[in-house]
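Peer 1: Just so we're aligned, residue 11 is where the sequence shown starts under my numbering, counting upward by one. The structure's right below; bear with me while I get my questions together.
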Amino acid sequence: MTTKYTEVHPRFKINGISCNAAELREIGYCLIKEGEAFEIPFGDFLLDWLNDKPTISVKTSGSTGKPKTVILQKDHMINSALATAEFFNLEEGDTVLHCLPASYIAGKMMLVRAIVLGLRLDYVEPTSTPLVSVTKSYKFGAMVPLQLENSLDKIEQINTLIVGGAPISEQLKDKIQLLNNEIYETYGMTETVSHIAIRKLSQNRNNKEHDFVLLPNISIQSDDRGCLVIDAPMLSEETIVTNDLVQISNEKEFKWLGRYDNIINSGGVKLIPEEIESKLASYISSRFFVKGMPDDALGEKLVLFVEGNGIDKSILEDLKSSGTLENFEIPKELVNIPKFAETGNGKLDRKKTLKLITT
(Lines of atoms letter the chains of each structure in order from A and count residues from 1; the text may use other names and numbers.)
(Lines give C-alpha, C1' and ligand atoms only; values in the text may rest on other atoms or scores of the structure.)
Protein backbone atom coordinates (compact mmCIF):
# COMPACT_ATOMS: atom_id res chain seq x y z
CA MET A 1 0.00 0.00 0.00
CA THR A 2 1.33 3.45 -0.96
CA THR A 3 1.29 6.27 1.58
CA LYS A 4 2.16 9.92 1.08
CA TYR A 5 5.41 9.29 2.94
CA THR A 6 6.56 7.01 0.14
CA GLU A 7 5.67 9.52 -2.56
CA VAL A 8 8.39 11.57 -4.21
CA HIS A 9 7.53 14.74 -6.12
CA PRO A 10 8.18 14.22 -9.86
CA ARG A 11 10.35 17.38 -10.05
CA PHE A 12 12.62 16.30 -7.17
CA LYS A 13 16.30 15.83 -7.92
CA ILE A 14 19.22 14.96 -5.65
CA ASN A 15 22.67 16.00 -6.91
CA GLY A 16 21.21 16.30 -10.40
CA ILE A 17 19.58 12.85 -10.40
CA SER A 18 15.83 12.52 -10.96
CA CYS A 19 14.33 9.58 -9.12
CA ASN A 20 11.09 8.01 -8.00
CA ALA A 21 10.57 6.50 -4.54
CA ALA A 22 12.10 3.13 -5.41
CA GLU A 23 15.16 4.76 -6.96
CA LEU A 24 15.53 7.11 -4.00
CA ARG A 25 15.48 4.12 -1.65
CA GLU A 26 18.26 2.57 -3.72
CA ILE A 27 20.24 5.80 -3.40
CA GLY A 28 19.70 5.59 0.36
CA TYR A 29 21.04 2.01 0.45
CA CYS A 30 24.08 3.01 -1.58
CA LEU A 31 24.86 5.95 0.69
CA ILE A 32 24.75 3.68 3.75
CA LYS A 33 26.89 0.96 2.20
CA GLU A 34 29.30 2.92 0.02
CA GLY A 35 28.99 6.60 0.95
CA GLU A 36 31.36 8.79 2.89
CA ALA A 37 30.87 9.10 6.64
CA PHE A 38 28.68 12.22 6.36
CA GLU A 39 26.48 10.52 3.72
CA ILE A 40 25.47 7.59 5.92
CA PRO A 41 22.95 9.68 7.94
CA PHE A 42 21.51 10.89 4.62
CA GLY A 43 20.92 7.30 3.58
CA ASP A 44 19.49 6.33 6.97
CA PHE A 45 16.99 9.17 6.86
CA LEU A 46 15.89 8.46 3.29
CA LEU A 47 15.06 4.87 4.19
CA ASP A 48 13.27 5.96 7.37
CA TRP A 49 11.27 8.59 5.51
CA LEU A 50 10.23 6.34 2.64
CA ASN A 51 8.81 3.52 4.77
CA ASP A 52 5.12 3.22 5.73
CA LYS A 53 5.59 4.21 9.37
CA PRO A 54 3.84 7.49 10.29
CA THR A 55 6.57 8.57 12.71
CA ILE A 56 10.31 9.06 12.73
CA SER A 57 12.88 9.29 15.54
CA VAL A 58 15.07 12.39 15.69
CA LYS A 59 17.88 13.12 18.13
CA THR A 60 18.24 16.59 19.64
CA SER A 61 21.64 18.25 19.47
CA GLY A 62 22.09 18.66 23.21
CA SER A 63 23.04 22.34 22.96
CA THR A 64 20.39 23.37 25.52
CA GLY A 65 20.26 20.20 27.59
CA LYS A 66 20.98 16.51 27.58
CA PRO A 67 20.56 14.98 24.08
CA LYS A 68 17.35 13.00 23.74
CA THR A 69 15.30 11.21 21.11
CA VAL A 70 12.06 12.84 19.95
CA ILE A 71 9.36 10.99 18.01
CA LEU A 72 7.93 13.19 15.24
CA GLN A 73 4.88 12.67 13.05
CA LYS A 74 5.75 12.65 9.36
CA ASP A 75 2.51 14.58 8.74
CA HIS A 76 3.87 17.36 10.92
CA MET A 77 7.15 17.38 9.01
CA ILE A 78 5.25 17.74 5.75
CA ASN A 79 3.22 20.60 7.25
CA SER A 80 6.45 22.31 8.29
CA ALA A 81 7.84 21.97 4.78
CA LEU A 82 4.67 23.51 3.32
CA ALA A 83 4.79 26.41 5.81
CA THR A 84 8.42 27.17 4.87
CA ALA A 85 7.51 27.04 1.19
CA GLU A 86 4.66 29.51 1.75
CA PHE A 87 6.82 31.93 3.75
CA PHE A 88 9.76 31.92 1.33
CA ASN A 89 7.81 31.38 -1.89
CA LEU A 90 9.55 28.11 -2.72
CA GLU A 91 8.23 26.40 -5.85
CA GLU A 92 8.80 23.09 -7.58
CA GLY A 93 12.02 23.08 -9.56
CA ASP A 94 13.77 25.61 -7.31
CA THR A 95 17.39 24.83 -6.48
CA VAL A 96 18.52 24.30 -2.86
CA LEU A 97 21.88 23.63 -1.27
CA HIS A 98 22.10 21.17 1.62
CA CYS A 99 25.22 21.63 3.76
CA LEU A 100 24.00 20.58 7.23
CA PRO A 101 24.42 17.25 9.02
CA ALA A 102 21.53 14.93 8.20
CA SER A 103 21.61 13.56 11.75
CA TYR A 104 19.63 16.48 13.17
CA ILE A 105 16.26 18.09 12.46
CA ALA A 106 17.53 21.01 10.35
CA GLY A 107 19.33 18.68 7.97
CA LYS A 108 16.46 16.21 7.82
CA MET A 109 13.96 18.96 7.02
CA MET A 110 16.03 20.17 4.08
CA LEU A 111 15.56 16.72 2.57
CA VAL A 112 11.84 16.63 3.41
CA ARG A 113 11.27 20.03 1.78
CA ALA A 114 13.00 18.89 -1.39
CA ILE A 115 11.13 15.56 -1.60
CA VAL A 116 7.71 17.05 -0.82
CA LEU A 117 7.99 20.31 -2.79
CA GLY A 118 9.87 18.98 -5.81
CA LEU A 119 13.08 20.95 -5.29
CA ARG A 120 16.40 20.29 -7.00
CA LEU A 121 18.68 19.57 -4.06
CA ASP A 122 22.46 19.38 -4.13
CA TYR A 123 24.26 18.30 -0.98
CA VAL A 124 27.86 18.84 0.08
CA GLU A 125 29.82 17.75 3.12
CA PRO A 126 28.66 19.74 6.18
CA THR A 127 32.00 21.36 7.00
CA SER A 128 32.62 24.79 8.51
CA THR A 129 33.44 26.06 4.99
CA PRO A 130 30.69 24.47 2.87
CA LEU A 131 30.93 26.78 -0.17
CA VAL A 132 34.65 26.29 -0.88
CA SER A 133 34.02 24.05 -3.88
CA VAL A 134 30.52 25.26 -4.79
CA THR A 135 30.29 27.09 -8.12
CA LYS A 136 26.52 27.07 -8.75
CA SER A 137 23.89 29.50 -7.47
CA TYR A 138 20.87 28.42 -5.43
CA LYS A 139 17.42 29.75 -4.58
CA PHE A 140 17.49 28.53 -0.96
CA GLY A 141 19.84 27.13 1.65
CA ALA A 142 20.42 26.72 5.39
CA MET A 143 23.52 27.12 7.56
CA VAL A 144 24.70 27.49 11.13
CA PRO A 145 26.37 30.83 12.04
CA LEU A 146 29.93 29.46 11.79
CA GLN A 147 29.30 28.30 8.22
CA LEU A 148 27.91 31.72 7.30
CA GLU A 149 30.88 33.47 8.90
CA ASN A 150 33.29 31.38 6.84
CA SER A 151 31.36 31.77 3.58
CA LEU A 152 30.79 35.52 3.33
CA ASP A 153 32.86 35.86 0.15
CA LYS A 154 30.54 33.43 -1.70
CA ILE A 155 27.30 33.63 0.27
CA GLU A 156 25.48 35.64 -2.40
CA GLN A 157 25.42 32.44 -4.46
CA ILE A 158 22.44 31.53 -2.23
CA ASN A 159 19.52 33.87 -2.88
CA THR A 160 17.67 33.14 0.39
CA LEU A 161 19.55 31.71 3.38
CA ILE A 162 18.17 30.69 6.76
CA VAL A 163 20.57 30.55 9.71
CA GLY A 164 19.93 28.81 13.02
CA GLY A 165 21.24 26.46 15.66
CA ALA A 166 23.12 29.08 17.68
CA PRO A 167 23.01 32.82 18.44
CA ILE A 168 24.39 35.09 15.73
CA SER A 169 27.05 37.55 16.86
CA GLU A 170 26.67 41.30 16.43
CA GLN A 171 29.84 41.36 14.32
CA LEU A 172 28.36 38.83 11.90
CA LYS A 173 25.10 40.77 11.71
CA ASP A 174 27.10 43.86 10.73
CA LYS A 175 29.04 41.99 8.06
CA ILE A 176 25.93 40.82 6.19
CA GLN A 177 24.09 44.15 6.07
CA LEU A 178 25.35 45.19 2.64
CA LEU A 179 24.90 41.81 0.98
CA ASN A 180 22.40 41.60 -1.86
CA ASN A 181 20.86 38.26 -0.87
CA GLU A 182 18.32 37.71 1.89
CA ILE A 183 19.49 36.17 5.16
CA TYR A 184 17.10 35.19 7.95
CA GLU A 185 17.64 34.01 11.51
CA THR A 186 15.36 31.17 12.58
CA TYR A 187 13.82 30.18 15.89
CA GLY A 188 12.83 26.58 16.47
CA MET A 189 13.76 23.21 17.89
CA THR A 190 13.40 19.52 17.19
CA GLU A 191 10.02 19.41 18.97
CA THR A 192 8.63 22.14 16.65
CA VAL A 193 9.94 20.33 13.55
CA SER A 194 12.60 22.93 12.75
CA HIS A 195 11.77 26.66 12.74
CA ILE A 196 8.47 28.24 13.75
CA ALA A 197 9.58 31.88 13.57
CA ILE A 198 11.84 34.01 11.35
CA ARG A 199 13.51 37.40 11.43
CA LYS A 200 15.39 39.08 8.61
CA LEU A 201 19.04 39.96 9.24
CA SER A 202 20.44 41.24 5.95
CA GLN A 203 19.58 44.67 4.53
CA ASN A 204 18.30 45.58 7.97
CA ARG A 205 20.98 47.84 9.43
CA ASN A 206 18.58 50.22 11.17
CA ASN A 207 16.58 47.51 12.93
CA LYS A 208 18.83 44.56 13.71
CA GLU A 209 17.01 43.79 16.93
CA HIS A 210 13.55 43.41 15.42
CA ASP A 211 11.29 40.63 16.61
CA PHE A 212 10.86 37.08 15.38
CA VAL A 213 7.74 36.70 13.22
CA LEU A 214 5.70 33.52 13.51
CA LEU A 215 5.01 31.24 10.57
CA PRO A 216 1.34 30.52 9.74
CA ASN A 217 -0.96 28.54 12.09
CA ILE A 218 1.12 29.11 15.22
CA SER A 219 0.14 30.94 18.41
CA ILE A 220 2.22 31.81 21.47
CA GLN A 221 2.02 32.99 25.05
CA SER A 222 4.39 33.21 28.01
CA ASP A 223 4.18 31.30 31.29
CA ASP A 224 4.72 32.60 34.81
CA ARG A 225 8.51 32.34 34.35
CA GLY A 226 8.36 34.55 31.26
CA CYS A 227 9.13 31.56 29.00
CA LEU A 228 7.64 30.92 25.58
CA VAL A 229 4.71 28.51 25.23
CA ILE A 230 3.97 27.37 21.67
CA ASP A 231 0.67 26.09 20.29
CA ALA A 232 1.31 24.69 16.80
CA PRO A 233 -1.37 22.07 16.04
CA MET A 234 -0.02 21.50 12.53
CA LEU A 235 3.40 20.62 13.94
CA SER A 236 2.77 19.11 17.36
CA GLU A 237 -0.16 17.39 19.06
CA GLU A 238 0.89 18.90 22.40
CA THR A 239 1.50 22.45 23.56
CA ILE A 240 5.24 23.01 23.82
CA VAL A 241 6.55 24.71 26.95
CA THR A 242 10.08 26.01 26.40
CA ASN A 243 12.81 27.37 28.65
CA ASP A 244 13.28 30.39 26.37
CA LEU A 245 12.75 33.75 28.03
CA VAL A 246 10.83 36.02 25.68
CA GLN A 247 9.14 39.38 25.42
CA ILE A 248 5.93 39.02 23.41
CA SER A 249 5.16 42.10 21.31
CA ASN A 250 1.88 40.94 19.80
CA GLU A 251 0.15 37.73 18.73
CA LYS A 252 2.59 37.19 15.87
CA GLU A 253 5.91 38.62 17.10
CA PHE A 254 8.28 38.11 20.01
CA LYS A 255 11.78 39.00 21.13
CA TRP A 256 14.06 36.22 22.38
CA LEU A 257 15.91 37.21 25.56
CA GLY A 258 17.77 34.06 26.61
CA ARG A 259 17.46 30.70 28.34
CA TYR A 260 15.73 30.40 31.71
CA ASP A 261 18.13 27.64 32.74
CA ASN A 262 21.09 29.96 32.07
CA ILE A 263 19.94 32.69 34.48
CA ILE A 264 22.65 33.73 36.93
CA ASN A 265 21.76 34.81 40.48
CA SER A 266 24.66 37.02 41.54
CA GLY A 267 24.20 38.64 44.92
CA GLY A 268 20.43 38.55 44.51
CA VAL A 269 20.50 40.12 41.02
CA LYS A 270 19.19 37.92 38.21
CA LEU A 271 21.35 38.16 35.09
CA ILE A 272 20.45 36.85 31.62
CA PRO A 273 23.74 35.73 30.01
CA GLU A 274 22.51 36.19 26.44
CA GLU A 275 21.69 39.86 27.04
CA ILE A 276 25.14 40.48 28.52
CA GLU A 277 26.80 38.58 25.66
CA SER A 278 25.00 40.81 23.17
CA LYS A 279 26.48 43.88 24.84
CA LEU A 280 29.96 42.32 24.97
CA ALA A 281 29.93 41.35 21.29
CA SER A 282 31.36 44.65 20.05
CA TYR A 283 34.44 44.20 22.29
CA ILE A 284 35.32 40.57 21.55
CA SER A 285 35.91 39.11 18.09
CA SER A 286 36.53 35.53 19.26
CA ARG A 287 33.82 33.12 20.37
CA PHE A 288 32.88 33.68 24.01
CA PHE A 289 30.18 33.19 26.60
CA VAL A 290 29.45 34.20 30.20
CA LYS A 291 28.49 31.85 33.00
CA GLY A 292 27.74 32.01 36.69
CA MET A 293 30.36 30.23 38.77
CA PRO A 294 30.24 29.45 42.52
CA ASP A 295 31.30 32.33 44.77
CA ASP A 296 31.32 32.53 48.58
CA ALA A 297 30.16 36.15 48.71
CA LEU A 298 27.81 36.43 45.75
CA GLY A 299 26.53 32.87 45.48
CA GLU A 300 27.42 33.05 41.78
CA LYS A 301 29.91 35.36 40.13
CA LEU A 302 29.79 36.31 36.46
CA VAL A 303 32.74 34.83 34.55
CA LEU A 304 33.67 35.52 30.93
CA PHE A 305 35.04 32.57 28.92
CA VAL A 306 36.85 33.38 25.64
CA GLU A 307 38.09 30.98 22.97
CA GLY A 308 41.80 31.32 22.23
CA ASN A 309 44.53 33.00 24.24
CA GLY A 310 44.52 36.52 22.86
CA ILE A 311 42.21 38.38 25.26
CA ASP A 312 43.93 40.26 28.08
CA LYS A 313 42.25 40.68 31.46
CA SER A 314 42.57 44.44 31.05
CA ILE A 315 39.36 44.24 28.99
CA LEU A 316 37.45 44.00 32.26
CA GLU A 317 38.74 47.43 33.26
CA ASP A 318 37.85 48.78 29.81
CA LEU A 319 34.30 47.51 30.23
CA LYS A 320 33.97 49.33 33.56
CA SER A 321 34.86 52.66 31.96
CA SER A 322 32.87 52.14 28.76
CA GLY A 323 29.42 52.47 30.26
CA THR A 324 28.17 49.73 27.93
CA LEU A 325 27.25 47.41 30.79
CA GLU A 326 25.69 47.99 34.16
CA ASN A 327 28.08 47.45 37.07
CA PHE A 328 26.51 44.10 37.95
CA GLU A 329 26.82 42.97 34.31
CA ILE A 330 30.61 43.35 34.21
CA PRO A 331 32.34 39.94 34.50
CA LYS A 332 34.31 39.42 37.70
CA GLU A 333 36.82 37.13 36.01
CA LEU A 334 38.15 36.26 32.52
CA VAL A 335 39.17 32.75 31.48
CA ASN A 336 40.81 31.98 28.12
CA ILE A 337 40.19 28.48 26.71
CA PRO A 338 42.23 27.41 23.66
CA LYS A 339 39.31 25.60 21.96
CA PHE A 340 35.63 25.42 22.89
CA ALA A 341 33.85 22.07 22.88
CA GLU A 342 31.06 21.60 20.34
CA THR A 343 28.02 19.38 19.88
CA GLY A 344 27.79 16.91 17.01
CA ASN A 345 26.38 19.53 14.64
CA GLY A 346 28.86 22.28 15.44
CA LYS A 347 27.04 24.21 18.18
CA LEU A 348 28.93 25.53 21.18
CA ASP A 349 28.63 23.09 24.09
CA ARG A 350 28.96 25.23 27.21
CA LYS A 351 28.84 22.36 29.70
CA LYS A 352 31.58 20.35 27.99
CA THR A 353 33.65 23.50 27.55
CA LEU A 354 33.52 24.16 31.29
CA LYS A 355 34.66 20.60 31.95
CA LEU A 356 37.82 21.36 29.96
CA ILE A 357 39.00 23.67 32.74
CA THR A 358 37.89 21.50 35.64
CA THR A 359 39.42 18.18 34.54
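Note that the Cβ used here is the ideal one computed from N, Cα and C, for glycine as well.
What does the alpha-carbon distance come out to for the pair F98 and I165?
Peer 2: Taking the first residue of the sequence shown as 1, we reach residue 98 at position 88. Taking the first residue of the sequence shown as 1, we reach residue 165 at position 155. Each residue's Cα considered, the two are about 18 Å apart.
Peer 1: Taking C-beta to C-beta, are E195 and L171 nearer than 8 Å?
Peer 2: Here residue 195 refers to the residue found at position 185 of the sequence shown. Here residue 171 refers to the residue found at position 161 of the sequence shown. No, Cβ-Cβ distance for E195 and L171 is not below 8 Å.
Peer 1: Bridge partners of P304, per DSSP?
Peer 2: On the sequence shown, position 294 is the one that residue 304 refers to. Paired residue(s): E310.
Peer 1: Could you have a look at T12 and say whether DSSP puts it in helix, strand or coil?
Peer 2: Along the sequence shown, read from residue 1 onward, the residue named residue 12 stands at position 2. Its pLDDT being 45, under 50, T12 is placed unreliably by the model, and the measurement read from it follows with that caveat. Here T12 sits in coil by DSSP.
Peer 1: If contact is defined by three or more beta carbon pairs under 8 Å, each pair taking one atom from either stretch, is the region 51–71 in contact with the region 14–29?
Peer 2: yes
Peer 1: If we count the other Cβ atoms within 10 Å of its Cβ and call it buried at 16 or more, is L188 buried or exposed?
Peer 2: Within the sequence shown, residue 188 is the residue found at index 178, counting from 1. Here L188 is exposed, its C-beta having fewer than 16 other C-beta atoms within 10 Å.
Peer 1: When burial is assigned at 16 or more other CB atoms within 10 Å of the CB, is D233 buried or exposed?
Peer 2: What you label residue 233 is simply residue 223 of the sequence shown in a count that begins at 1. Around the beta-carbon of D233, fewer than 16 other beta-carbon atoms lie within 10 Å, marking it exposed.
Peer 1: Between which residues of its own chain and S113 is the CB-CB distance below 8 Å, once the five residues before and five after are set aside?
Peer 2: Numbered from 1 along the sequence shown, position 103 holds the residue referred to as residue 113. Contacts found: P51, K69, G354, N355.
Peer 1: From the DSSP output, in three-state form, read off K361 for me.
Peer 2: Here residue 361 corresponds to residue number 351 of the sequence shown, with the count starting at 1. The answer is helix: DSSP assigns K361 an H, G or I state.
Peer 1: With DSSP as the reference, label A207 as helix, strand or coil.
Peer 2: The residue given as residue 207 occupies position 197 in the sequence shown. Three-state result, A207: strand.
Peer 1: Jot down the residue ranges of each uninterrupted beta strand (DSSP E) in the region 106–163, minimum 3 residues, whole runs only, in chain order.
Peer 2: 130–133, 148–153
Peer 1: Near L56, which residues of its chain fall below 8 Å by C-beta distance, leaving aside the five closest residues on each side in sequence?
Peer 2: Working through the sequence shown from its first residue, we reach residue 56 at position 46. Correct list, in chain order: L34, R35, I37, G38, L41, L121.
Peer 1: Out of G309, K357, L290, S331, which has the shortest C-alpha to C-alpha gap to L344?
Peer 2: Counting from 1 along the sequence shown, the entry for residue 344 is found at position 334. The shortest C-alpha separation from L344 is found at L290.
Peer 1: Since V106 and F150 should fall inside the 8 Å C-beta cutoff, what is the C-beta to C-beta distance between them, to a whole number of angstroms?
Peer 2: Taking the sequence shown and counting its residues from 1, the one referred to as residue 106 is at position 96. Taking the sequence shown and counting its residues from 1, the one referred to as residue 150 is at position 140. Yes, V106 and F150 are in contact; Cβ-Cβ is about 5 Å, under 8 Å.
Peer 1: Using DSSP's beta-bridge definition, name the partner residues of W266.
Peer 2: Taking the first residue of the sequence shown as position 1, residue 266 is located at position 256. Bridge partners of W266: V256.
Peer 1: My parser needs the beta strand (DSSP E) runs of 3 or more residues fully inside the region 39–102; what are they?
Peer 2: 65–69, 79–83
Peer 1: Contact between the region 251–264 and the region 291–308: three or more CB pairs below 8 Å?
Peer 2: no
Peer 1: With a CB to CB cut of under 8 Å and the five nearest residues on each side skipped, what residues in its chain are close to K280?
Peer 2: Within the sequence shown, numbered from 1, the residue matching residue 280 stands at position 270. Hits under 8 Å: I273, I274.
Peer 1: DSSP three-state label for T170, please.
Peer 2: Mapped onto the sequence shown, residue 170 falls at position 160. T170: strand per DSSP, three-state reduction.
Peer 1: Beta carbon of T202, beta carbon of S246: below 8 Å?
Peer 2: On the sequence shown, position 192 is the one that residue 202 refers to. On the sequence shown, position 236 is the one that residue 246 refers to. Against a cut-off of 8 Å, the Cβ pair of S246 and T202 comes out as a contact.
Peer 1: Under three-state DSSP, which class holds K342?
Peer 2: Reading the sequence shown from its first residue, position 332 is the one you call residue 342. Three-state DSSP puts K342 in coil, outside helix and strand.
Peer 1: Candidates H86, S295, G128: which alpha carbon is nearest Q181's?
Peer 2: The residue you call residue 181 lines up with position 171 of the sequence shown. Checking every option, the nearest Cα to that of Q181 belongs to S295.
Peer 1: Could you give the first and the last residue of the continuous beta strand (DSSP E) run that contains I274?
Peer 2: Locating residue 274 in the sequence shown gives position 264, counting from the first residue. Counting along the chain, the beta strand (DSSP E) containing I274 begins and ends at 274–276.
Peer 1: Is the separation between the beta-carbon of A176 and that of V154 shorter than 8 Å?
Peer 2: Within the sequence shown, residue 176 is the residue found at index 166, counting from 1. Within the sequence shown, residue 154 is the residue found at index 144, counting from 1. Yes, the Cβ-Cβ distance between A176 and V154 is below 8 Å.
Peer 1: Need the endpoints of the alpha helix (DSSP H) that I286 sits in, please.
Peer 2: Walking along the sequence shown from the start, residue 286 turns up at place 276. Per DSSP, I286 belongs to the alpha helix (DSSP H) from 283–290.
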